[in-house]
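J.:
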Amino acid sequence: MLILICGLPATGKSTVARRLSKALGAEVLRTDIVRREIIDAPSYTEEEKALIYRVVFLMARYLIKNDVNVIIDGTFYRDSLRKQAQEIAGKQGKRFFLVETRCPEDIVLKRLEKRKKNLRSPSDADVDVYYKIKGLFEPIEEDHLIIDTGWNIKEGVKELVKKIKA
């Protein structure tokens, strides 16, 4: 199974991925972590982003080919990237779930402010990045699961697990 968790910065993607991973016994691939492992000082150019997604997709393909359930955590603001993930699962005959994290903007802004003080956060996203990606985020047209992380993440994840296991 391949689960793609997408959404704007600070909407709870990594928290949802971590909790789903525990509930479903899946490996998590975080684009932020992969970026940090490969590039010392990320510049977020289009070429750099393409490289990171290529690496993440290669890792996901390898893992699901070997019957490991995978969760990919990243903004995936482009529809073409979300479709690529779906194709990877389809070619391996695996189930695919697209999960979008949403959160009220006032909570997101508080999270970004808190994140700025956390030197260990793998994400470089700040308020400017949030608004930039918000403007670029391509609508999700296909059926997908949505979790609002502004309220009760624990209950939201339980609901996701039920839908995924159904």
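In case it helps, our numbering puts the sequence shown at residues 10 to 175.
Using N, Cα and C, we set each Cβ at its ideal position, and we do this for glycine too.
None of these values were measured; they are calculated from a predicted model.
The alpha helix (DSSP H) that contains Val-170, what's its start and end?
T.: Taking the sequence shown and counting its residues from 1, the one referred to as residue 170 is at position 161. Segment 162-174, the alpha helix (DSSP H) holding Val-170.
J.: Counting C-beta neighbours from all protein chains within 10 Å, is the total for Arg-44 16 or more, i.e. buried, or is it exposed?
T.: Indexing the sequence shown from 1 puts residue 44 at position 35. Label assigned to Arg-44: buried.
J.: Quick one, are the C-beta atoms of Arg-120 and Ala-19 less than 7 Å apart?
T.: Residue numbering aside, residue 120 sits at position 111 when the sequence shown is read from its first letter. Residue numbering aside, residue 19 sits at position 10 when the sequence shown is read from its first letter. Result yes, Cβ atoms of Arg-120 and Ala-19 sit closer than 7 Å.
J.: For Asn-161, tell me which candidate among Ile-12, Ile-14, Val-25, Leu-13 has the shortest Cα-Cα distance.
T.: In the sequence shown, counting from the first residue as 1, residue 161 sits at position 152. Comparing Cα positions, the closest option is Val-25.
J.: Between Leu-29 and Phe-105, is the Cβ-Cβ spacing less than 7 Å?
T.: Along the sequence shown, one-based indexing puts residue 29 at 20. Along the sequence shown, one-based indexing puts residue 105 at 96. In this structure, Phe-105 does not lie closer than 7 Å to Leu-29 by Cβ.
J.: Look at the alpha carbon of Gly-159 and the alpha carbon of Gln-93, and state the distance between them as a whole number of angstroms.
T.: Counting from one through the sequence shown, the residue named residue 159 turns up at place 150. Counting from one through the sequence shown, the residue named residue 93 turns up at place 84. Using only the alpha carbons, I get a separation of about 28 Å.
J.: Tell me, please, which residues DSSP counts as bridged to Leu-11.
T.: For this step, residue 11 is matched to residue 2 along the sequence shown. Val-79, Phe-105.
J.: Compute the Euclidean distance between the alpha carbons of Glu-36 and Asp-115, then round it to the nearest angstrom.
T.: Sequence index remark: in the sequence shown, residue 36 carries index 27 (1-based). Sequence index remark: in the sequence shown, residue 115 carries index 106 (1-based). Roughly 31 Å between the two C-alpha positions.
J.: Let me check one thing: in DSSP terms, what residues is Thr-110 bridge-paired to?
T.: Here the question's residue 110 lines up with position 101 in the sequence shown. Answer is Gly-16, Ile-156, bridged to Thr-110.
J.: Sort Gly-21, Ile-47, Asp-135 by Cα distance to Val-166 and report the nearest one.
T.: As a first step, residue 166 is located in the sequence shown; it is residue number 157 there, counting from the start. Checked all of Gly-21, Ile-47, Asp-135; the closest Cα to Val-166 is Gly-21.
J.: CA-CA distance, Ile-149 and Ala-59?
T.: Translated into positions along the sequence shown, residue 149 becomes position 140. Translated into positions along the sequence shown, residue 59 becomes position 50. Between Ile-149 and Ala-59, the C-alpha separation is close to 20 Å.
J.: Comparing C-alpha positions only, which one of Val-170, Tyr-140, Phe-146, Ala-175 sits nearest to Leu-90?
T.: Taking the first residue of the sequence shown as 1, we reach residue 90 at position 81. Of the candidates Val-170, Tyr-140, Phe-146, Ala-175, the one whose C-alpha sits nearest the C-alpha of Leu-90 is Phe-146.
J.: Judging by CA-CA distance, which residue of Leu-33, Glu-56, Asp-82 is the nearest neighbour of Met-68?
T.: In the sequence shown, residue 68 corresponds to position 59, counting from 1. Ranking Leu-33, Glu-56, Asp-82 by Cα distance to Met-68 puts Asp-82 first.
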